[in-house]
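A.B. asks:
There are 2 protein chains.
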Amino acid sequence: MNATAAHPHEQSSRDKILDAAEGLFARRGYAAVGLRELAEVVGLGKSSLFHHFESKPQLYAAVSARILKRIDGCVERSLAAGGSAVQRLERLVEDLIDLLAAQPADARLLLRSLFEDDDLPGETPEEIESKGTLANIMSSISAVLREGMDAGQFRTVHVPHLLLTLIGQVVFPFASREFGADILGKDPFEPGEVKRRKRELRDLLRHGLLAPLGR
Amino acid sequence: MNATAAHPHEQSSRDKILDAAEGLFARRGYAAVGLRELAEVVGLGKSSLFHHFESKPQLYAAVSARILKRIDGCVERSLAAGGSAVQRLERLVEDLIDLLAAQPADARLLLRSLFEDDDLPGETPEEIESKGTLANIMSSISAVLREGMDAGQFRTVHVPHLLLTLIGQVVFPFASREFGADILGKDPFEPGEVKRRKRELRDLLRHGLLAPLGR
DNA sequence: GTCTATAGGGAGATAGAC
DNA sequence: GTCTATCTCCCTATAGAC
Chain A
1 MNATAAHPHE QSSRDKILDA AEGLFARRGY AAVGLRELAE VVGLGKSSLF
51 HHFESKPQLY AAVSARILKR IDGCVERSLA AGGSAVQRLE RLVEDLIDLL
101 AAQPADARLL LRSLFEDDDL PGETPEEIES KGTLANIMSS ISAVLREGMD
151 AGQFRTVHVP HLLLTLIGQV VFPFASREFG ADILGKDPFE PGEVKRRKRE
201 LRDLLRHGLL APLGR
Chain B
216 MNATAAHPHE QSSRDKILDA AEGLFARRGY AAVGLRELAE VVGLGKSSLF
266 HHFESKPQLY AAVSARILKR IDGCVERSLA AGGSAVQRLE RLVEDLIDLL
316 AAQPADARLL LRSLFEDDDL PGETPEEIES KGTLANIMSS ISAVLREGMD
366 AGQFRTVHVP HLLLTLIGQV VFPFASREFG ADILGKDPFE PGEVKRRKRE
416 LRDLLRHGLL APLGR
C-alpha cells in the first residue's frame, strides 16, 4: 500500500502525523489545534511537521480527504454487493454505521467538513479532490434511493431532503461521544449500542414511528 | 424585556455583541473567531468588549445559553399546547424546524455545542445553567415519546436512540447552509424548502420509507 | 529527516485617559 | 462606556545546523 515502506508494520512519520491530526481536528476543530500540540502527540519537533506537509491548511485537507475516501470506499463496496434497492440501502446504512463506529474520529470530522467550509483558506488540489469524492458519495446514495422509488419499493419522497435526513440520523449520533453517552447512558461506540442503533434506524426507515394498530 | 433599556427599540451594546458573536461563532466555531474581528463587526474597539463580558469563554457561554433558552422555550410552548402524543410530537418537530429556519445561526451553534464540549475551559455559572437547559429539553422530548409509546400510539422503540435520531434529522439540515444548498439545489432556509422539509420529515415519522404495497 | 533558533504576526487581556 | 497603548503569550512558518 505504501511504496516507500520496506516494513509495512512500521508506520511512517507521515501516517503517524495524519492519525494524530485526525483525532485532534475531530475533537477540537481546525482552528483550536496548534501544530505544537500535534507535534507533541506525534513525538516530533514542531518544525519536522513541515517536512511532511507544506502548511497547516494542506495538512487538514489531507486528513479530510483520507476520511472522505474511506467513506466513499465503504459506500461503493456496500452498494456494489447487489440485491434489491431496499436491501442495498439497508446494508449501506448498516455498513456506514459500522465504519463510523470503528473510526471514532470520522463522524465528527465528516460533520465538521459539511458545515465548516468557511474554515479553510481555499482551493488546494486536495480540497478539490475531496469535493469530488463527496459529490460521488452523495450521487451514489441518491441513485439507490431513486432506484427504489422507481421500482415502487419506496414511497414517493423528495430525494435531496431524504439525503439530508439520512446523513443527520446516521452521522450525528457518532459525532458526539460525550453527549451521545449522556443520552444513551452508555458509550455509543460500544458494540451493543452500535448493534441497537442499526436495528432502531432500520426499523424507523421500514415502519416509521407510528404503531401498526393506529393506522 | 430589558430593564436597562429606556428605549426598547434601541439595541444595547451588549445585545449587539451577542448577536454578532452568535453569527460568527456559528459560522466558524469558537476558536476561529477573534475578538478583534468581532469588535469590528459590532463597531466597537476590542477592549470595549471586556466591559460587557469578562472573557471570551464567558461570552461564548452567554451566546450558547441564549440559544439553548430559545430552543427550550420553543419546546415547552409547543408541548404545552395539548393534543395526543402524536399531535404534540408532530407539532414539536414543526415548531422546531420553524425556529431553526427563522434563526439561521441556531442550528449550527446548537450542533457545535453538542459535540464541542472539549472546546471550552470549564465550568462557568452560565455553562452549568446551559447544561440544565439542555437536560430539560431532552427530558421534555423524551416524555412525549414515552407517553406516545405507553398510549400505544407509537411503536415500541428505544427512546434514547430515537432522541439522537430526531436531533440529527431535525437539526443537521439547517446547520449547513452551503452543503444543504448544494444538495437541495435551493437555499434550505427558503420558505418553500422549509415547508417541504416539515412535510417530508412528518411523513417519514408516520410511515417510514417503505411503500405501503410492499408491506 | 530531525533538530534549535527565530522571525513576524495575532491572540486574549489589562491599564488608564477621556 | 469607549478609546489608545501595551503586556504577554502562542501561533504558523522559515533558516540552517547536524
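Chains A and B, in that order, are what the protein sequence lines are.
Each residue of the first sequence is one higher than the one before, starting from 1 at the first, in my numbering.
Each residue of the second sequence is one higher than the one before, starting from 216 at the first, in my numbering.
Cβ atoms here follow ideal geometry from the backbone N, Cα and C, with glycine treated the same way.
#1: Can you pull out the residues from the segment 194-206 of chain A whose beta carbon lies closer than 8 Å to at least one beta carbon of chain B?
#2: If you compare alpha carbons, which of F25/A, G43/A, E37/A is closest to S12/A?
#3: A358/B: which of R392/B, H373/B, L329/B sits nearest, CA to CA?
#4: When the distance is taken between beta carbons, is L210/A closer than 8 Å to R370/B?
#5: Output the distance between the C-alpha atoms of E94/A and R229/B, rounded to the nearest integer angstrom.
#6: Quick check: the Cα distance between L217/A and V256/B, rounded to an integer number of angstroms?
#7: Measuring alpha carbon to alpha carbon, tell me which residue in Q87/A, S48/A, P57/A, Q58/A is nearest E277/A.
#8: With burial defined as no fewer than 16 other Cβ atoms inside 10 Å of the residue's Cβ, what is the status of I382/B: buried or exposed?
#9: Ordered along the chain, which non-local residues of its own chain (more than five positions away) have a Cβ less than 7 Å from that of P191/A?
#10: Between the alpha carbons of L419/B and G208/A, how many angstroms are there, rounded?
#11: Would you mind working out which of E76/A, A21/A, L49/A, L68/A sits nearest Y60/A, comparing C-alpha positions?
#12: Within 10 Å of its beta-carbon, does D150/A have 16 or more other beta-carbons around it, so buried, or fewer, so exposed?
#13: Tell me the DSSP secondary structure of F154/A in three-state form.
#14: Report the rounded CA-to-CA distance for L124/A versus Q58/A, giving the unit in angstroms.
#15: Given this structure, state the Cα-to-Cα distance separating R421/B from F172/A, to the nearest angstrom.
#16: Checking contacts by CB at 8 Å: is A175/A closer than that to chain B?
#17: Of the residues F265/B, R323/B, G395/B, R306/B, which one's Cα is nearest the Cα of L448/B?
#18: Among D313/B, A280/B, S279/B, which has the Cα closest to the Cα of S293/B?
#19: Give the range of the alpha helix (DSSP H) segment to which Y60/A is assigned.
#20: Mind checking who L259/B pairs with in its DSSP beta bridge?
#21: Taking the Cβ atom as the reference point for each residue, do A62/A and F50/A lie within a distance shorter than 8 Å?
#22: Would you decide whether A296/B is buried or exposed? Buried here means 16 or more other CB atoms lie within 10 Å of its CB.
#23: Compare the beta carbon distance of A320/B and A241/B with 8 Å and say whether it is the shorter of the two.
#24: So, I137/A versus I67/A, is the Cβ gap smaller than 8 Å?
#25: Alpha helix (DSSP H) containing S12/A: first to last residue?
#26: Mind checking S48/A: buried by the 16 CB within 10 Å criterion, or exposed?
#27: So what's L329/B in DSSP terms, helix, strand or just coil?
#28: What residues are listed by DSSP as bridge partners for L425/B?
#29: Tell me which residues of the segment 23-34 of chain A have at least one Cβ-Cβ distance to chain B shorter than 8 Å, keeping chain order.
#30: Can you find a CB in chain A that lies within less than 8 Å of the CB of G347/B?
#31: Pull up the distance between the alpha-carbon of E200/A and that of K231/B, whole angstroms please.
#32: With DSSP collapsed to three states, give me the class of G244/B.
#33: Starting from D182/A, follow the alpha helix (DSSP H) in both directions and report where the run begins and ends.
#34: How big is the Cα-Cα spacing for G429/B and Q153/A?
#35: Does the Cβ of L110/A lie closer than 7 Å to at least one heavy atom of the ligand ADP?
C.D. replies: Quick answer:
#1: Look at the segment 194-206 of chain A: the residues with a C-beta under 8 Å from a C-beta of chain B are R196, R197, E200, L201, D203, L204, L205, R206.
#2: Comparing Cα-Cα distances from S12/A to each of F25/A, G43/A, E37/A, the minimum goes to G43/A.
#3: Out of R392/B, H373/B, L329/B, H373/B has the C-alpha closest to the C-alpha of A358/B.
#4: Yes, the Cβ-Cβ distance between R370/B and L210/A is below 8 Å.
#5: Put simply, the backbone Cα of E94/A is about 48 Å away from that of R229/B.
#6: Look at the range of chain A in this structure, 1 to 215, and you will see that residue 217/A is not part of it.
#7: Chain A is shown from 1 up to 215; residue 277/A falls before or after that span and cannot be answered.
#8: Counting the other Cβ atoms within 10 Å of the Cβ of I382/B gives 16 or more, which makes it buried.
#9: Around P191/A: no qualifying Cβ.
#10: So the two alpha carbons sit approximately 6 Å from each other.
#11: Y60/A has its Cα closest to that of A21/A, out of E76/A, A21/A, L49/A, L68/A.
#12: Flag for D150/A reads exposed.
#13: In the three-state DSSP reduction, F154/A falls in the strand class (E or B).
#14: Position check: residue 124/A holds Thr in this sequence, whereas Leu was assumed. Each residue's Cα considered, the two are about 7 Å apart.
#15: Their backbone Cα atoms lie some 22 Å apart in a straight line.
#16: Chain B, which has a Cβ nearer than 8 Å to the Cβ of A175/A, makes this yes.
#17: This structure does not reach residue 448/B, given that chain B is present from 216 up to 430, and the question cannot be answered.
#18: Taking S293/B as reference, the option from D313/B, A280/B, S279/B with the minimal CA-CA separation is D313/B.
#19: Run containing Y60/A: 56-80, per the alpha helix (DSSP H) assignment.
#20: According to DSSP, L259/B bridges with nothing at all.
#21: Their beta carbons are not under 8 Å apart, which means A62/A does not touch F50/A by this criterion.
#22: It counts as exposed.
#23: Against a cut-off of 8 Å, the Cβ pair of A241/B and A320/B comes out as a contact.
#24: No, Cβ-Cβ distance for I137/A and I67/A is not below 8 Å.
#25: Run containing S12/A: none; DSSP gives neither H nor E here.
#26: Exposed is the call here.
#27: Three-state result, L329/B: helix.
#28: In DSSP, L425/B forms a bridge with F154/A.
#29: So the list reads R27, R28, G29, Y30, A31, A32, given in the order they occur along the chain.
#30: No, because no Cβ of chain A sits closer than 8 Å to the Cβ of G347/B.
#31: In a straight line, the C-alpha of E200/A is about 44 Å away from that of K231/B.
#32: Coil at G244/B, not helix or strand.
#33: Segment 177-184, the alpha helix (DSSP H) holding D182/A.
#34: Only weak support exists for where G429/B lies, its pLDDT of 48 falling under 50; the coordinates are left without a value.
#35: Of the ligands one can find in the structure shown there are none, so the ligand ADP has no counterpart to examine.
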